Amino acid sequence: MSDLQAMYIFLRKSVSPDMIQFLVSTTNSVIAIPENYYPSPPNSPIDENYQSQKSIPDLYKFIEKLIIYTHVQTSTLMSTLVYLTRLRSILPPNSTGMETTRHRIFLGCLILAAKNLNDTSPMNKHWAKYTDGLLTLHDVNVLEMELIDYLGWDNLRITDKDLISNFGYFLTDIKAKL
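This is the structure we're talking about:
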């Protein structure tokens, strides 16, 4: 069986915990987060209902919730790997981020994949809502623009070759079973 045939079989599968874990591992490999990270001062409370410390979800749970909220297809979800891999090759190896950087990177790559591969995709205000308050609409708009700036318009196209090289982990098992 060819890689292309295995890829088409893979893309028709339902999203699995193994896929989510692979996305988490790939996202974690893009940028380091220092353990001794000192957060910036909190924003001033807007009203009496303001929560002073919004807890940052585990990246796996964050991705899992995005999948549930958006009903994203495997093809779109796993295409984020292409952008994650490209971003990893662009960023300097000593780059570090803050606690939410990986969440932002993953969401930005998912937004680009959804907008690039689908005729319709959620608006940025919906993506912000899907983060359960972790990111604002402004944050989502900025991260999308920054990601496009990092990758460049010419690097937003995804080919079958890109997908096959990023899905290799999953394709090997499919090819072995058939």
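Heads up: the sequence shown is residues 1 to 178, going by full-length UniProt numbering. Even for Gly, the Cβ is constructed at its ideal location relative to N, Cα and C. On a predicted model such as this, the values are computed, not experimentally measured, just so you know.
Candidates the options, of which the one nearest residue i by Cα
| i | options | result |
| --- | --- | --- |
| Y69 | S121, P93, F170 and L87 | S121 |
| R102 | A113, D58 and R157 | D58 |
| L110 | L66, W153 and E99 | L66 |
| L134 | K61, T27 and R12 | K61 |
| L117 | I105, N141, T74 and E146 | T74 |
Cβ-based burial, residue i [other Cβ within 10 Å; buried from 16]
| i | result |
| --- | --- |
| T131 | buried |
| E35 | exposed |
| G168 | exposed |
| residue 208 | The first residue shown for the chain is 1 and the last is 178, placing residue 208 beyond what the model contains. |
| L171 | buried |
| S95 | exposed |
| M123 | exposed |
| G108 | buried |
| R176 | Note that residue 176 corresponds to Ala in the displayed sequence, not to Arg. Answer is exposed; the Cβ neighbour count stays below 16. |
| M7 | buried |
7 Å CB neighbourhood of residue i in its chain, flanking five on each side removed
| i | result |
| --- | --- |
| L178 | M1 |
| T27 | L59, L84, R102, I105 and F106 |
Three-state class that DSSP yields for residue i in the structure shown
| i | result |
| --- | --- |
| T26 | helix |
| I174 | helix |
| T136 | coil |
| T80 | helix |
| T131 | coil |
| T96 | strand |
Cβ shell of residue i (< 6 Å), same chain only, five flanking positions each side left out
| i | result |
| --- | --- |
| I33 | G97 |
| K13 | T74 |
| L156 | N116 |
Beta-carbon contacts of residue i that lie in its chain and below 8 Å, excluding the five residues immediately before and after
| i | result |
| --- | --- |
| L91 | V30, I31 and Y150 |
| residue 186 | Any property of residue 186 remains undetermined from this structure, which presents the chain solely from 1 to 178. |
Original post:
Do the segment 81-89 and the segment 11-19 meet, that is, are 3 or more Cβ pairs less than 8 Å apart?
Top reply: no
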